[in-house]
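Positions 6 to 360 (the numbering used here) are the ones given, in order, by the sequence shown. The structure appears below as structure tokens.
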Amino acid sequence: MGAVGSGPVSGVRRALEKLDAFPKFTKDFREQTTAGAVVSIVTLLVMLWLIVCETAWWLNVEVRETMEVNHHRNEQLKISFDISFPSVPCSMATSCWREKTRAMKEGRETLTEESARRSGKDCGSCYGAGSPGQCCSTCDEVKELYRQKGWSFDAGTVQQCKEEGVTGDAEGDSKDGCNVYGFVMVPAVAGQLHFAPASEIGALHDRIFDLRGWTHSRWNSTHQINKLSFGPFFAGRTNPLDGVARSSAEQGMIWNYYVKVVPTDFSPLGGTPVQSHQYSVTDHSRVLGPSSRSLPGVHFSYDVSPIKVRIAEERHSFGHFLVGLSAIIGGVYTIAQLLDGAIYSAFRRRIGLPN
Numbered sequence: 006m007g008a009v010g011s012g013p014v015s016g017v018r019r020a021l022e023k024l025d026a027f028p029k030f031t032k033d034f035r036e037q038t039t040a041g042a043v044v045s046i047v048t049l050l051v052m053l054w055l056i057v058c059e060t061a062w063w064l065n066v067e068v069r070e071t072m073e074v075n076h077h078r079n080e081q082l083k084i085s086f087d088i089s090f091p092s093v094p095c096s097m098a099t100s101c102w103r104e105k106t107r108a109m110k111e112g113r114e115t116l117t118e119e120s121a122r123r124s125g126k127d128c129g130s131c132y133g134a135g136s137p138g139q140c141c142s143t144c145d146e147v148k149e150l151y152r153q154k155g156w157s158f159d160a161g162t163v164q165q166c167k168e169e170g171v172t173g174d175a176e177g178d179s180k181d182g183c184n185v186y187g188f189v190m191v192p193a194v195a196g197q198l199h200f201a202p203a204s205e206i207g208a209l210h211d212r213i214f215d216l217r218g219w220t221h222s223r224w225n226s227t228h229q230i231n232k233l234s235f236g237p238f239f240a241g242r243t244n245p246l247d248g249v250a251r252s253s254a255e256q257g258m259i260w261n262y263y264v265k266v267v268p269t270d271f272s273p274l275g276g277t278p279v280q281s282h283q284y285s286v287t288d289h290s291r292v293l294g295p296s297s298r299s300l301p302g303v304h305f306s307y308d309v310s311p312i313k314v315r316i317a318e319e320r321h322s323f324g325h326f327l328v329g330l331s332a333i334i335g336g337v338y339t340i341a342q343l344l345d346g347a348i349y350s351a352f353r354r355r356i357g358l359p360n
């Protein structure tokens, strides 16, 4: 009978043991040192710090932005605005939207004007502009019916306007300010939004404005843009004109804002995608002379970019996170071993012992 441990099985076992990349040492051949303890503590602290950083990186939401050609050019654009004119009464301010190929009537407008003073809600006469039996309780209602008829409107002859303190005279109404807010749905093409000193009595392409004695020298273009946005809100969007205030040093000034609108698709992490717009803006102002063909006021000219921006919130995969943790643990441990070995060898050489 052969010796124990001999034979083909034993030979295969010894061959496999030679392939062991992790040789084991008995306790008698192990030596623990103070330097090794210090290296171990530092290694553990560095490893924990890197693991915390890696975890924070994995939990952080990454925002990825890409650009592409916008193929959807027939979209509707919602322009929301809230603008205050502290020195202009609502009876003397007109808002108007126009784009290059259509009149405003092809857009859908929701507009509200709030004056500093209000009258009662009694049923009053529409002065021939309304249907039989129709009541006009406010000056604005009479003014709107006159606008629809295309008639010239004189606030001084309307009782509702007198009760509200609207006289149709610049000096008499100037103590009232006006806050204009609302939104307009328009085609997503280049257009203009105007706030000017006029009462609109025309319609469609050729507009006629009754300035009622409002000259360039009597219009104060001081204004504050509380809000101006294009499309619905999404997280992270900023509107450059929100909260912007402009003071007119002289009467009869015109403020032009040139707005570049960029279509934007926002995809939040785990949320519903939002189709909206961002914009950038530059502005310019000047004083108009009496012979100028332009109207003083606040004018927004906007153009829609043919390039669309896609913003997507993403999070790294869990597998990527595990790979990162493994690299941290293995790399730090390996470097610590090399450092500990170098310190141990240097110490033995110093005291004259062989490595």
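Idealized CB from N, CA, C, for every residue including glycine.
- The criterion of a C-beta distance shorter than 8 Å is not satisfied by His-304 and Gln-153.
- Looking at the backbone, the Cα of Lys-313 and that of Asn-184 are separated by about 33 Å.
- Just measuring C-alpha positions, the residue of His-321, Val-267, Gly-41, Gln-229 sitting nearest Leu-82 is Val-267.
- In the three-state DSSP reduction, Gln-37 falls in the coil class, being neither helix nor strand.
- Bridge partners of Val-249 according to DSSP: Ile-230.
- Here the region 285-299 does not lie against the region 316-333, with fewer than 3 beta-carbon pairs under 8 Å apart.
- Assigned with DSSP and collapsed to three states, Val-194 falls in coil, not helix or strand.
- In the structure shown, His-325 falls within a helical segment according to DSSP collapsed to helix, strand and coil.
- The Cβ atoms of Ser-85 and Lys-265 do not sit closer than 8 Å to each other.
- DSSP places Val-147 inside the alpha helix (DSSP H), whose first and last residues are 144-154.
- Per DSSP, Gln-164 is one residue of the alpha helix (DSSP H) stretching across 164-168.
- Annotation for Thr-277: no beta strand (DSSP E) segment contains it, and DSSP assigns it neither H nor E.
- Pairwise C-beta distances place the region 55-64 out of contact with the region 160-169, as fewer than three of them are shorter than 8 Å.
- Contact between Val-309 and Val-194 holds: CB atoms are separated by about 6 Å, below the 8 Å threshold.
- The shortest CA-to-CA distance from Ile-316 to any of Gly-236, Leu-343, Arg-69 is the one to Arg-69.
- When the Cα atoms are used, Trp-156 and Gly-236 turn out to be separated by approximately 35 Å.
- In the DSSP assignment, Gln-81 falls within the beta strand (DSSP E) that extends over 81-90.
- Put simply, of Phe-271, Ala-250, Glu-59, Gln-256 the residue whose alpha carbon is nearest the alpha carbon of Phe-323 is Glu-59.
- Bridge partners of Gly-302 according to DSSP: Ile-259.
- Going by beta carbons, Asn-225 and Ser-92 fall inside the 8 Å limit.
- Gln-139 has its alpha-carbon roughly 16 Å from the corresponding atom of Gln-164.
- Apart from the 5 residues on each side of it in sequence, Asp-345 sits with its Cβ closer than 6 Å to the Cβ of Gly-41, Val-44 in its chain, given in chain order.
- Bounds of any beta strand (DSSP E) do not take in Arg-320, whose DSSP letter is neither H nor E.
- Put simply, the backbone Cα of Pro-273 is about 8 Å away from that of Glu-319.
- Under the DSSP assignment, Thr-243 falls outside any beta strand (DSSP E); it carries neither an H nor an E label.
- Your pair Ser-281 and Phe-239 checks out as a contact, with CB atoms roughly 5 Å apart and the cut at 8 Å.
- With 16 or more other Cβ atoms inside 10 Å of its own Cβ, Met-258 counts as buried.
- Val-337 has its alpha-carbon roughly 8 Å from the corresponding atom of Val-51.
- His-76 is classed as exposed because its beta carbon has fewer than 16 other beta carbons within 10 Å across all chains shown.
- DSSP, reduced to helix, strand and coil, places Tyr-132 outside both helices and strands of the structure shown, so it counts as coil.
- Nearest in C-alpha terms to Asp-247, of all of Ala-254, Gly-241, Ser-234, Glu-255, is Ser-234.
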